[in-house]
């Protein structure tokens with residue numbers, strides 16, 4: 050196995066949107082495969098037709114593409130092991146299930162739902178710890194182990210519904226070395242006779258995933274911690290099918306935890322916290338309910354991938370920002386933690402801010418133009434460039450540039466009262482009145498540099514220190530006491546608008562605030 054080229058797979062079920070935990074699993078598979086010079090497969094595990102959700106498969110493909118996770122073989126790419134949808138591989142699984150029956154490692158079970166329910170109630174009444182269909186209880190049920198051979202054949206030929214169950218030997222020890230958690234040892238007496246083939250002819254996850262991983266040459270199974278309890282059963286299946294010597298290595302990833310670290314992260318946590326846990330926005334086809342997506346909320350794919358990569362893994366250094374190429378070069382399963390990883394959305398916001406700073410002006414302006422138009426604001430290219438310079442380093446998302454810049458298009462009608470009470474005094478009124486006149490009469494180019502020079506000269510002539518009135522000046526122009534570079538703001542607004550806002554503030558604020 051060690052000499053084989055690395056082949057991993059991401060095998061989601063199309064039952065809804067892709068949870069952040071699933072996205073991280075896909076990302077870790079991709080990083081490991083690329084780091085090892087191997088290949089990554091995408092396999093759609095759609096054997097549970099009752100849980101199939103229209104649109105979910107397309108969502109999965111789009112989400113992986115958005116994040117930059119490249120698939121080598123899959124439903125879209127094709128490949129030597131096609132088809133890559135389990136619903137299209139139905140006959141393959143039956144062949145292996147029937148083989149296990151012939152070899153005495155599985156059996157036909159004809160129990161009705163009522164019989165199974167009665168068995169559970171009987172075991173619960175007898176205080177049996179786990180009400181399971183196992184080596185003891187199977188001998189009391191309706192299956193090919195308890196029925197005469199002829200009756201089993203007759204039932205099958207007459208179309209009676211049945212499942213194929215794995216015949217677990219109660220005297221086996223199961224050992225495997227998880228690449229993250231170390232050795233796992235389980236006794237087979239703790240495992241029940243799982244269904245391998247359902248009555249509709251579809252395989253269960255257990256059979257389909259083992260058969261497919263073997264036939265597709267998967268060398269490493271990297272999946273979520275929730276599958277760890279099933280791993281011993283899967284090891285047994287490899288053993289029963291004669292494939293234990295070529296069995297892939299397992300690595301079970303830690304859970305994603307709620308923001309407070311208590312319990313597994315859920316959609317409800319995201320809804321209550323107002324943050325996304327899905328890569329893309331999702332609309333439930335049955336209810337019409339919408340769930341937020343990282344993409345639609347303004348997160349950049351590079352920032353999202355960087356954030357998810359560090360939920361359970363670190364490079365062993367102080368470095369936090371990694372390009373996809375760096376993640377591929379540095380990733381190793383040995384540095385994946387066993388403990389759950391807290392989903393800190395504030396950290397995701399920080400990552401987005403850092404990556405936003407690295408974006409080209411052109412790409413930001415292109416997105417901004419559409420956002421402004423959606424608000425009915427026509428903004429020139431020169432204004433867009435100035436706005437990007439003004440606000441790019443102060444926001445976490447491109448959309449915030451729009452909300453943070455509305456004061457440039459809408460003059461303040463109200464003013465920060467706390468700042469006004471502290472800073473709007475007689476000295477400020479006189480200074481701003483003088484500045485209004487000086488700015489109105491200024492014949493030169495109205496640029497940030499020239500404006501600053503004019504203000505400094507005017508205030509010096511008046512005997513007023515700049516630090517005494519700058520906050521009041523900002524208040525008059527923007528309505529707030531703090532914000533980005535005031536000189537650039539004034540340049541963007543233009544001389545006429547600045548003078549108008551100063552005069553409005555002199556009238557309004559002087560009427561509201563009792564001068565000292």
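Numbering (my numbering), first residue to last: 50 to 565. By construction, the Cβ of each residue, glycine as well, lies at the ideal position given by its N, Cα and C atoms.
- For the region 99 to 127, the continuous alpha helix (DSSP H) assignments of 4+ residues that do not extend past its boundaries occur at 105 to 116, in sequence order.
- The beta carbons of residue 530 and residue 478 sit no closer together than 8 Å.
- For residue 156, the pairing in a beta bridge is given by DSSP as 214.
- When rounded, the separation of the alpha-carbon atoms in residue 373 and residue 59 is 18 Å.
- As a beta-bridge residue in DSSP terms, residue 331 pairs with 340.
- In the structure shown, residue 498 adopts helical secondary structure according to DSSP, grouped into three states.
- A straight line joining the alpha-carbon of residue 389 with that of residue 72 spans about 16 Å.
- For residue 236, no alpha helix (DSSP H) segment is defined; the enclosing uninterrupted segment is the beta strand (DSSP E) at 231 to 236.
- Looking from the CA of residue 56, the closest CA among 323, 67, 85 and 74 belongs to 85.
- Excluding residues up to 5 positions away in sequence, 62, 63, 101, 134, 135 and 136 lie with their Cβ nearer than 7 Å to the Cβ of residue 95 in the same chain.
- According to DSSP, residue 299 shares a beta bridge with 270.
- Exclusion of the five residues before and after residue 501 leaves 536 as the residues of its chain whose Cβ lies within less than 6 Å of its Cβ.
- Here the C-alpha atom of residue 107 lies approximately 10 Å from the C-alpha atom of residue 125.
- Around the beta-carbon of residue 472, 16 or more other beta-carbon atoms lie within 10 Å, marking it buried.
- DSSP, read as helix, strand or coil, puts residue 451 in helix.
- Annotated three-state conformation of residue 318 is helix, per DSSP.
- If one requires a minimum length of 4 residues, the alpha helix (DSSP H) runs lying completely within the region 137 to 202 are 139 to 151 and 162 to 174, in chain order.
- If you draw a straight line from the Cα of residue 249 to the Cα of residue 212, it comes to about 8 Å.
- By DSSP's assignment, residue 362 forms a beta bridge with 385.
- Taken in chain order, the whole alpha helix (DSSP H) runs of length 4 or more contained in the region 435 to 494 are 447 to 454, 466 to 472 and 475 to 490.
- Of the other Cβ atoms in all chains shown, 16 or more fall within 10 Å of the Cβ of residue 351; this residue is therefore buried.
- With 16 or more other Cβ atoms from the protein chains shown falling within 10 Å of its own Cβ, residue 360 counts as buried.
- Membership of residue 244 in the beta strand (DSSP E) is indicated by the continuous run 244 to 246.
- Here the C-alpha atom of residue 203 lies approximately 12 Å from the C-alpha atom of residue 159.
- Residue 252 is bridged by DSSP to 246.
- Annotated three-state conformation of residue 428 is coil, per DSSP.
- The way I'd put it, the region 385 to 405 does touch the region 293 to 308; three or more beta-carbon pairs between them come closer than 8 Å.
- Assigned with DSSP and collapsed to three states, residue 53 falls in coil, not helix or strand.
- The three-state reading of DSSP puts residue 290 in coil, since its state is none of H, G, I, E or B.
- One thing to note: residue 139 has its Cβ within 8 Å of the Cβ of residue 251.
- For the pair residue 219 and residue 193, the CB atoms are not nearer than the 8 Å cut-off.
- Scanning 53, 93, 414 and 83 for the CA closest to the CA of residue 67 turns up 93.
- For residue 78, the enclosing alpha helix (DSSP H) covers residues 69 to 84.
- In the structure shown, residue 241 adopts coil according to DSSP, grouped into three states.
- Take residue 345, set aside five residues on each side of it, and the residues of its chain with a beta-carbon closer than 6 Å to its own are 330, in chain order.
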